[in-house]
Amino acid sequence: MDTFGKTQAKVVPLDLSENQFQIYNKISRNYSHSFLFESLTGPEVLAETSVMGFDPKIILKGYSDKVEIIEDGKITIIQTTDPFEELKKLLGKSTDQSYRYLGGAVGVVNYDAIRLVENIKDSHNSPQPLMEFGIYDDGIL
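This is the structure we're talking about:
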């Protein structure tokens, strides 16, 4: 399984006549997994970039006793009680600091995931994952 962060960033300029919301609207209609990080206000140095990602290379779904890793349409199941550790293994390290965003894990953590780190009675009976992350190796800035 490939891991993130093993290649240098490649910049491809795009000629776009639409704003970031119009572009993301089109992306989100065509991909089941996508995101938009938008900084509309704040210190000028932080509020200058929109980041969009779509079509993650890997999807990790974490449960209390396993993770499902989906890559190229294949599902690998790993028995574990620490889905965060499996996510960490997928990411590796990137030393390229030339851009604020170079890809990585973007996703959600369910409220009940606290039981993965705290000793709290487990009442999570839902078949939904406690966490789900896409591993993105590209994006639009």
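This note's numbering puts the first residue of the sequence shown at 72, with every later residue one more than the last. Ideal Cβ positions, reconstructed from N, Cα and C, are used throughout, including at glycine.
Extent of the continuous alpha helix (DSSP H) run through Y95: 91 to 101
Contacts around E142, its chain only, beta-carbon distance under 6 Å, and the 5 residues preceding and following it disregarded: I129
Member of G144, I146, K145, N181 whose CA lies at the smallest distance from the CA of F155: N181
Coil, strand or helix - Y207 by DSSP: strand
Cβ pair count under 8 Å reaching 3, the segment 123 to 140 against the segment 101 to 112: yes
For G175 and G133, the rounded distance between their alpha carbons: 17 Å
Neighbourhood of I211 by C-beta, 6 Å cutoff - its chain only, sequence neighbours within 5 removed: M123
Contact belief for G205 with G178 at Cβ below 8 Å, rounded distance in angstroms: 6 Å
Limits of the beta strand (DSSP E) - the one that K213 falls within: Because the chain here runs from 72 to 212, residue 213 falls outside it and cannot be looked at.
Reduced DSSP category for E189 - H, G, I as helix; E, B as strand; rest coil: coil
Residue interval of the alpha helix (DSSP H) (run including K128): No alpha helix (DSSP H) holds K128; DSSP gives it neither H nor E.
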